[in-house]
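Taking it in order: structure first as structure tokens, then the write-up.
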Amino acid sequence: MKEPSLNLLKRAFREFYFKNDSYIETPARMKEREFGYMQFNDGMIRHLTLKSKNELQALLLKEIPSDVYCSCAYYTSPTLPMQEKGFRGADLIFDIDTKELNLTCVKEHEVWLCNDCRNVMPEKQNCSRCNSAKVEQTSLPCENCISAGKMEVKKLTKILQEDLGVAEQEIKIYFSGNNGFHLHVYSKELEPLDSPSRADIADYIMGNNLLPESFGVKKNLKGSLNDVMNRFPNPADFGWRGKISGKLIKDEKAKPKVVRGILKNGYVQFKVELNRIAKEIGARIDPKVTMDVHRVFRLQGTLNSKSGLAKAPCNDIDNFDPFKGACLLGDEETNVHVMYSPKFKLKENYFGPFKDKDVKLPTYAAVYLICKGLADA
Amino acid sequence: MVDALLPYLSSIQFGKGDLAKYPFLSEAGSYLRELDYSLDEFDDASRRRVIDRAMERIMTTLDGHVFKQLEDLDTEVVSFLIALIIVRALGMRNVSRKYSLGEARRAEMFLEQDLKHENKANVRNAVLKRIFSDLFALDVMQEDGRFKVKVSEYLKRASYFHDDHWKLINRIVHNGYVYLDPDETVRLIRDELSLLIYDRINRMEVRQLPDSIKAKVDELRSKVAKHAEFRTYMVTTKYPPCVQHILQSLSKGENPPHSARFLLATYMLSIGRSIDEVSALFESAPDYNERVTRYQVEHLAGIRGSRTKYTCPSCEKAASENLCYRTEECNGIINPVQFGRRRAWKDEGAKSESS
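First to last, the sequence lines map onto chains F and C. Each residue of the first sequence is one higher than the one before, counting from 726 in the numbering used here. Each residue of the second sequence is one higher than the one before, counting from 88 in the numbering used here.
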């Protein structure tokens, strides 16, 4: 990143941390957690401990980090190397990234940036200017992306509450600050779970590895129709059996017909069908995040350097608008050169589209485009 | 107050007949103390029968079967105790492990029966309270004839089971509980039960043994010796450290994870070991079953199932599964299979230089 852009970001981030110290959340049992941060144009620093809100505030103002992280785990000695930290449990965390949802709208607001000459291209290809193969995607998520992300959040919270028995007040939902949502579960009961147990929970939520045998359908299909009928679940049954049954059977009378169809098409076909339905019902989370107990996760209330937006709490997920509720930088106008940008909306104002243009933008919009790699100060 | 509690208390106590099935319980030990046994009495001919029975318990288990006979409390508790003494006196960790698992499987069989018995609510309650809850801190609840445990308690145990059938998604889960049938409920504690018995063996104090028991220890030693020799032979330094580590863990009678077994078997197959040789490596694993192991090794070799011949996982994959014990000699290799070749090449180089 060029020097003037870097200075603008640092100025904007410092101002935010100076004015909004009450917005940044101090995580529970702070002394037992590991903290880390990224510096602009520099690497990650982790294995830190912060004992109070004042220490955190001092770090934010002194270092002006590009991103701030905190462990989901609780440790006896958070600053020691990983094997010696002494794991005492961890919050259960989930990451929903709208980029992973294969949404059709992405084509309309994604561009590809050359890492070598910063040329902007509409499609993935070797750089049209310098022929470099180092190109990366950048996307300005739209309202459709956010709605799709919210749908996944709702699916996830429903499974957590109805099946896994997590209480509503144990779940905290956040906009991730860029392309998705983060969910934190604070449950004394689930806190001690190790990584394989969390991987199993992630599979449960995503609908992975569902066996036809759980529905009474066996590989050799030798069981009579009645055997399978007796074992085949009804929509009111608990867990995944009921969820799948609800999709396959509209009313009780249709069950024999559905079961006959399954037996006729065979085990493999049913397994494919099960996986298809399970993917649709399950929430699309990133399983690596959930199963990694040693991960440092973005700290609630801090800024995301991929957008300049904050990791903001969503207390009312239906009405939460991240382009308003998470856009917290200043309004002071500044001049930037925009290489390319589709039309976008922040704080109820529309900007763009721009192509190779010098424009005057409020700080929050200028920072947004610089963070996306689409503009320079 | 006490009167109100009486019916409850009586419902969570075992009768003598039921206690005979679970000789590892502290009640069984107390009963034995009341009988006031002395080890010296076992040289007496009348006591031989119970020693033979102890030996039978051990041998049936080491042969991979479950010892199913059930007699009176006295016989069961004493033969169990003598079996523990014999295994402890032998001092071979893999035998202790295998015997512990065998006793756990025996208890598992009785537990399943007791949980399934619809008319014996008092026995069922005693099993759930005294064994599941008191011994293993697993609170099992009953709901409409089904058993249920908390999701977290289920995952602590079942996330280590290999079969997809045990994955949470293939269970009935609702409102924070996993619903299970009696067999599945019992399977959850098998490993802990086995560990409990293993621990009991290790805590046994073996001082001066009567000759009748000493003779059984010697008999057992001669029966298991050939396996031990085989294993010592197999752990040589020509294998990469990851493989050596798994072999050592097996030779100690430990239960390596699936990923480790996969690495060991695919490695051995790729360096040209036969199905027999590879299957035999797993003999000392506490859950060894010859037929199943052979099938699995044949599967990996591409003889069975999908006919895909599995290759040895890379060093990177092994590291991600915490199986890598890299040493200087591993330098430059990206797959454990290359370790052997590299060493062979180096050794040959050294030979030709010296000649």
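Positions of the beta carbon are idealized from the N, C-alpha and C atoms, including for glycine. Here the structure is a predicted model, which is why all the values come from computation and not from measurement.
Next item on the list: Determine the direct distance from the alpha carbon of F:G1077 to that of F:Y762, and round the result to whole angstroms.
Entry: Counted from its first residue, the first sequence places residue 762 of chain F at position 37. Counted from its first residue, the first sequence places residue 1077 of chain F at position 352. Straight-line Cα distance between these residues: approximately 32 Å.
Margin query: For F:Y1093, which residues in the same chain have their Cβ closer than 7 Å to its Cβ, ignoring the five residues on either side in sequence?
Written below: Position 368 of the first sequence holds residue 1093 of chain F. Cβ neighbours of F:Y1093 beyond the five flanking positions: S1032, G1033, L1071.
Margin query: Quick check: is the beta carbon of C:L106 nearer than 8 Å to any beta carbon in chain F?
Written below: Position 19 of the second sequence, counted from the start, is the residue given in the question as residue 106 of chain C. It does not: the Cβ of C:L106 has no partner Cβ on chain F nearer than 8 Å.
Note to self: On the criterion of 16 or more Cβ atoms from any shown chain inside 10 Å, does C:T353 qualify as buried, or is it exposed?
What the structure shows: Reading the second sequence from its first residue, position 266 is the one you call residue 353 of chain C. Buried, because 16 or more other Cβ atoms sit within 10 Å of the Cβ of C:T353.
Check: How do the segment 261–279 of chain C and the segment 236–248 of chain C stand: do at least 3 beta-carbon pairs fall below 8 Å, yes or no?
Finding: yes
Item checked: N- and C-terminal bounds of the beta strand (DSSP E) containing F:I930 -> Position 205 of the first sequence, counted from the start, is the residue given in the question as residue 930 of chain F. Careful: F:I930 lies outside any beta strand (DSSP E), inside the alpha helix (DSSP H) at 920–931.
Next item on the list: Could you tell me if C:C45 is buried or exposed, where buried requires 16 or more neighbouring beta carbons within 10 angstroms of its beta carbon?
Entry: With chain C covering only 88 through 442, there is no way to say anything about residue 45 of chain C.
Note to self: Which of the three DSSP states is assigned to F:K1070 in this structure?
What the structure shows: Translated into positions along the first sequence, residue 1070 of chain F becomes position 345. Here F:K1070 sits in strand by DSSP.
Next item on the list: Would you tell me roughly how many angstroms separate the C-alpha atoms of F:A747 and F:S802, rounded to the nearest one?
Entry: Along the first sequence, read from residue 1 onward, the residue named residue 747 of chain F stands at position 22. Along the first sequence, read from residue 1 onward, the residue named residue 802 of chain F stands at position 77. In the sequence as presented, Ala is not what sits at residue 747 of chain F; that position holds Ser. F:S747 and F:S802: Cα-Cα distance of roughly 27 Å.
Check: Quick one: what does DSSP say F:C870 is sitting in, helix, strand or coil?
Finding: Counted from its first residue, the first sequence places residue 870 of chain F at position 145. Helix, per DSSP.
Margin query: Rounding to the nearest angstrom, what Cα-Cα distance links F:L733 and F:Q764 in this structure?
Written below: Walking along the first sequence from the start, residue 733 of chain F turns up at place 8. Walking along the first sequence from the start, residue 764 of chain F turns up at place 39. If you take the alpha carbons of F:L733 and F:Q764, they lie about 14 Å apart.
Notebook entry, point to check: Is C:T395 helix, strand or coil by DSSP?
Noted result: Indexing the second sequence from 1 puts residue 395 of chain C at position 308. DSSP places C:T395 in coil when its eight states are reduced to three.
Next item on the list: State the DSSP-derived secondary structure class of C:R413, mapped to helix, strand or coil.
Entry: The residue labelled residue 413 of chain C in the question sits at position 326 within the second sequence. In this structure, C:R413 counts as coil in the three-state DSSP scheme.
Notebook entry, point to check: Given a limit of 8 Å on CB to CB distance, which residues of the segment 910–935 of chain F reach chain C?
Noted result: E914, L915, P917, L918, D919, P921, S922, A924, D925, I926, D928, Y929, G932, N933, N934, L935
Note to self: Please report the straight-line C-alpha distance between C:V236 and F:A815, rounded to a whole angstrom.
What the structure shows: Here residue 236 of chain C refers to the residue found at position 149 of the second sequence. Here residue 815 of chain F refers to the residue found at position 90 of the first sequence. So the alpha carbons of these two residues sit roughly 21 Å apart.
Check: Who are the near neighbours of F:F738 in its chain, counting only those whose CB is closer than 7 Å to its CB and skipping five residues on each side?
Finding: Locating residue 738 of chain F in the first sequence gives position 13, where the first residue counts as 1. Hits under 7 Å: I789, L1028.
Next item on the list: Within the same chain, show all residues whose beta-carbon is closer than 6 Å to that of F:V793, passing over the 5 residues directly before and after it, in chain order.
Entry: As a working mapping, residue 793 of chain F is identified with position 68 in the first sequence. Correct list, in chain order: Y762, L1024, T1027.
Margin query: With a threshold of 8 Å between beta-carbons, can C:Y266 be considered close to chain F, or not?
Written below: To locate residue 266 of chain C, count along the second sequence from 1; it is residue 179. Yes, C:Y266 lies at the interface with chain F (some Cβ there is under 8 Å from its Cβ).
Checklist line | Option in C:I145, C:N257, C:E279, C:E377 with minimal Cα separation from F:G967 | finding: Mapped onto the first sequence, residue 967 of chain F falls at position 242. Checking every option, the nearest Cα to that of F:G967 belongs to C:N257.
Checklist line | Under the three-state DSSP convention, the category C:N212 falls into | finding: On the second sequence, position 125 is the one that residue 212 of chain C refers to. The answer is helix: DSSP assigns C:N212 an H, G or I state.
Check: Between C:S357 and the rest of its own chain, which residues show a CB-CB distance below 6 Å, the 5 nearest in sequence each way excluded?
Finding: Taking the first residue of the second sequence as position 1, residue 357 of chain C is located at position 270. Cβ within range, chain order: C399, V424.
Checklist line | The beta strand (DSSP E) enclosing F:E861, as first and last residue numbers | finding: Along the first sequence, one-based indexing puts residue 861 of chain F at 136. Residues 860–864.
Next item on the list: Could you tell me whether the segment 1004–1015 of chain F touches the segment 919–934 of chain F, where touching means 3 or more Cβ pairs closer than 8 Å?
Entry: yes
Notebook entry, point to check: Nearest chain C C-beta to F:R966 closer than 8 Å, yes or no?
Noted result: As a working mapping, residue 966 of chain F is identified with position 241 in the first sequence. So, interface residue.
Check: Applying a beta-carbon distance threshold of less than 7 Å, which residues of chain C neighbour F:L881?
Finding: Taking the first sequence and counting its residues from 1, the one referred to as residue 881 of chain F is at position 156. Those within 7 Å of F:L881 in chain C number zero; the least Cβ separation is about 15 Å.
Note to self: For a contact defined as C-beta to C-beta under 9 Å, what are the partners of C:K237 on chain F?
What the structure shows: Working through the second sequence from its first residue, we reach residue 237 of chain C at position 150. Those are G890, E914, listed as they occur along chain F.
Next item on the list: Find the residues of chain F that neighbour C:Y247, judging by a C-beta separation of less than 8 Å, and give them in chain order.
Entry: Position 160 of the second sequence, counted from the first residue, corresponds to residue 247 of chain C. The contacting residues are P921.
Notebook entry, point to check: Helix, strand or coil: which one does DSSP assign to F:P729?
Noted result: As a first step, residue 729 of chain F is located in the first sequence; it is residue number 4 there, counting from the start. Helix at F:P729.
Check: At a cut of 8 Å, does the segment 955–969 of chain F reach the segment 839–850 of chain F through at least three beta carbon pairs?
Finding: no
Note to self: I'd like the span of the alpha helix (DSSP H) that includes F:V983, first residue to last.
What the structure shows: Taking the first sequence and counting its residues from 1, the one referred to as residue 983 of chain F is at position 258. Here the alpha helix (DSSP H) through F:V983 covers 980–990.
Next item on the list: Examine chain F for any beta-carbon lying closer than 8 Å to the beta-carbon of C:G232, and answer yes or no.
Entry: Position 145 of the second sequence holds residue 232 of chain C. Not one chain F Cβ lies under 8 Å of C:G232.
Notebook entry, point to check: On the premise that C:H261 lies in contact with F:D888, defined as a C-beta separation below 8 Å, what is that separation, rounded to the nearest angstrom?
Noted result: Here the question's residue 888 of chain F lines up with position 163 in the first sequence. Here the question's residue 261 of chain C lines up with position 174 in the second sequence. Contact flag correct, Cβ pair sits at about 6 Å.
Item checked: Three-state class that DSSP yields for C:P423 in the structure shown -> On the second sequence, residue 423 of chain C is found 336 positions in, with the first residue counted as 1. It is helical.
Check: Counting pairs of Cβ atoms below 8 Å between the segment 899–918 of chain F and the segment 851–858 of chain F, do you hit three or more?
Finding: no
Check: Would you report the Cα separation of C:M321 and F:Y911, rounded to the nearest angstrom?
Finding: Taking the first residue of the second sequence as position 1, residue 321 of chain C is located at position 234. Taking the first residue of the first sequence as position 1, residue 911 of chain F is located at position 186. At C:M321 the pLDDT is 47, less than 50, meaning the model places this residue with poor confidence; the figure from the coordinates comes in the next sentence. Rounded to the nearest angstrom, the two C-alpha atoms are 49 Å apart.
Item checked: Best match in C:I218, C:M196, C:G232, C:G419 for proximity to C:A208 [C-alpha to C-alpha] -> Translated into positions along the second sequence, residue 208 of chain C becomes position 121. Closest option to C:A208, Cα to Cα, is C:G232.
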